[in-house]
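Below is one structure, written out as structure tokens; the observations come after it.
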Amino acid sequence: MRICFSLFCFILFVSGCSSQDPDNEKFEVVYTIEDIEMEEAEKNETQQLTIAIVPKQINIPYFNAVKEGALEAGEDLGVNVIYTGPTFTDASQQILIIKDLIKQHVDVIAISANDPEKLAPILLEAKDKGIKVITWDADTIPEARDFFINMVDPETLGRHLMDILAWNTDEEGEFAILTGPLSAANLNEWLHWIKVQQEEYYPNMKLVDTVAHDDDPHRAYVLAKELLIAHPNLKGIIGNSSEGPPAAAQAVKEAQKEGEVAVVGLSPPNQMNEFLKDGSAQVVTLWSPKKLGYLTVALAKNALNHIEPYDHQEIAGVGKIRVKSDMVIMGEPIDFTKENVDQYDF
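Numbered per mature numbering (1 follows the signal peptide of the UniProt record, and there is no 0), the sequence shown spans residues -20 to -1, 1 to 326.
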């Protein structure tokens, strides 16, 4: 190859010398070759940075918004983003996806973990092969990743979910919780703080049931209808996963119990717009999932460049982040009601 390249350069040199202005022509040919080589080197370097984003599940509104933000960050920051996940919340499917990503030699795997324990061995394998591993939305065990990107402080969020239900039930009566996968670490932590807040501040309220729908919209709807039948004195439902509140609101609406059973929880405003306006739901709270996707890609690229997240770090397109130990906190939750829901679009 070295001989062929030298011969190629010699031919270009001779060709340049045959022109009317040999010195100028020779300079232009050499400059052009160097410029092309530099551009190709920069292009190849950028193409080598591949960040894989693995959600708990694809094709639901929350994770669709995350995908939008992640792909936008990939374009803005000049990195290749792979967005891939299971069609239902299942740790075994995530394991298979990660195995494939390891074979592809991606640079970063960023995952929202369906099960912190089951996913740990394959994530440790990825780390052993030189792949950076970070978690977002839902964590795994600390040893299996470099850092965790959390949307909000889990204690603040869990306590707030209990508060907004209490404010809409006169701080009394029976309530139930619609949660997603029972194995999801983030949901379980929020559940813990919901219960703590109720025990500390709302003694006249009673948690009568917690049911898991695994982020399946139809299952969430069926479970919500069953809750209304099984607990005729129910005063409220908290959905602490994005598919819970719309399912609960639909069930309440069909049972004509608007205003009798309060519905609150975590869900995007677009999904809840109609329900908030017709009174079948009272308040939902969330963060921007699009910003979460953007932040995950931005911090992943930083990590590849040996820039670790730090407290009050300004991230373009997101804002200032907080950092507690090895956990990044994106920001504060936003409450959506019938009065302000039209101000948001995600």
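Beta carbons are placed, not taken as given, at the ideal position from N, Cα and C, and that holds for glycine.
Can you tell me which of Phe316, Glu152 and Pro269 puts its alpha carbon nearest to the alpha carbon of Asn130?
Here residue 130 corresponds to residue number 150 of the sequence shown, with the count starting at 1. For the residues Phe316, Glu152 and Pro269, the minimum Cα distance to Asn130 belongs to Pro269.
Where Glu294 falls, given that 16 or more other Cβ within 10 Å makes a residue buried
In the sequence shown, counting from the first residue as 1, residue 294 sits at position 314. So Glu294 counts as exposed.
Hey, how far is the Cα of Leu29 from the Cα of Pro122?
Counting from one through the sequence shown, the residue named residue 29 turns up at place 49. Counting from one through the sequence shown, the residue named residue 122 turns up at place 142. If I take the Cα positions, the gap works out to 24 Å.
Start-end ranges of the beta strand (DSSP E) lying completely within the region 168 to 199, minimum 3 residues
185 to 192
Beta-carbon separation of Ile31 and Val88 under 7 Å?
For the purposes of this step, residue 31 is taken as the residue at position 51 of the sequence shown. For the purposes of this step, residue 88 is taken as the residue at position 108 of the sequence shown. Yes; because the gap between Cβ atoms is below 7 Å, this pair is in contact.
Trp267 versus Ala118 - alpha carbon distance:
Taking the sequence shown and counting its residues from 1, the one referred to as residue 267 is at position 287. Taking the sequence shown and counting its residues from 1, the one referred to as residue 118 is at position 138. For Trp267 and Ala118, the distance between alpha carbons rounds to 14 Å.
Buried or exposed, going by whether 16 or more other CB atoms sit within 10 Å of the CB of Glu223?
Taking the first residue of the sequence shown as 1, we reach residue 223 at position 243. Flag for Glu223 reads buried.
Grab me the residues of Val10's own chain with a C-beta within less than 7 Å of its C-beta, minus the 5 sequence neighbours each way, in chain order.
Looking up residue 10 in the sequence shown gives position 30. Note that Val10 scores a pLDDT of 41, beneath 50, so its modelled location is shaky and nothing firm can be said.
Is the region 270 to 279 in contact with the region 239 to 247, if contact means three or more CB pairs nearer than 8 Å?
no
Asn60 - DSSP class collapsed to helix/strand/coil:
Taking the sequence shown and counting its residues from 1, the one referred to as residue 60 is at position 80. It is a strand residue.
Is it right to say residue 327 is buried, meaning 16 or more other beta carbons lie within 10 angstroms of its own, or is it exposed?
Here the chain has residues from -20 to 326 only, and residue 327 is not among them.
So what does Lys304 bridge to, in DSSP terms?
Stepping through the sequence shown from its first residue, residue 304 is reached at position 324. Lys304 is bridged to Met307.
Using the C-alpha atoms, what's the distance from Pro96 back to Lys175?
What you label residue 175 is simply residue 195 of the sequence shown in a count that begins at 1. What you label residue 96 is simply residue 116 of the sequence shown in a count that begins at 1. Going by the C-alpha atoms only, they are around 22 Å apart.
Who are the Cβ neighbours of Ala278 in its own chain at under 8 Å, not counting the five residues just before and after it?
Taking the first residue of the sequence shown as position 1, residue 278 is located at position 298. Around Ala278: Ala53, Leu57, Ile295, Ala296, Gly297 and Val298.
Sub-7 Å separation of Ile157 and Ile209 beta-carbons
Translated into positions along the sequence shown, residue 157 becomes position 177. Translated into positions along the sequence shown, residue 209 becomes position 229. Cβ atoms of Ile157 and Ile209: not closer than 7 Å.
What does DSSP give as the partner residues of Trp116 in its beta bridges?
One-based indexing of the sequence shown puts residue 116 at position 136. Per DSSP, Ile129.
Count the other CB atoms, across all protein chains shown, that sit within 10 Å of the CB of Gln236; report buried if there are 16 or more and exposed otherwise.
Residue 236 sits at position 256 when you count from the first residue of the sequence shown. Label assigned to Gln236: exposed.
Compute the beta-carbon to beta-carbon distance between Gly138 and Glu169, rounded to the nearest angstrom, for a pair I have assumed lies under 8 Å.
By 1-based counting over the sequence shown, the position of residue 138 is 158. By 1-based counting over the sequence shown, the position of residue 169 is 189. Indeed, because the Cβ distance is near 7 Å, the residues count as touching under 8 Å.
Which residues does DSSP pair with Ala242 in a beta bridge?
What you label residue 242 is simply residue 262 of the sequence shown in a count that begins at 1. Residue pairing by DSSP puts Ala242 in a beta bridge opposite Gly216.
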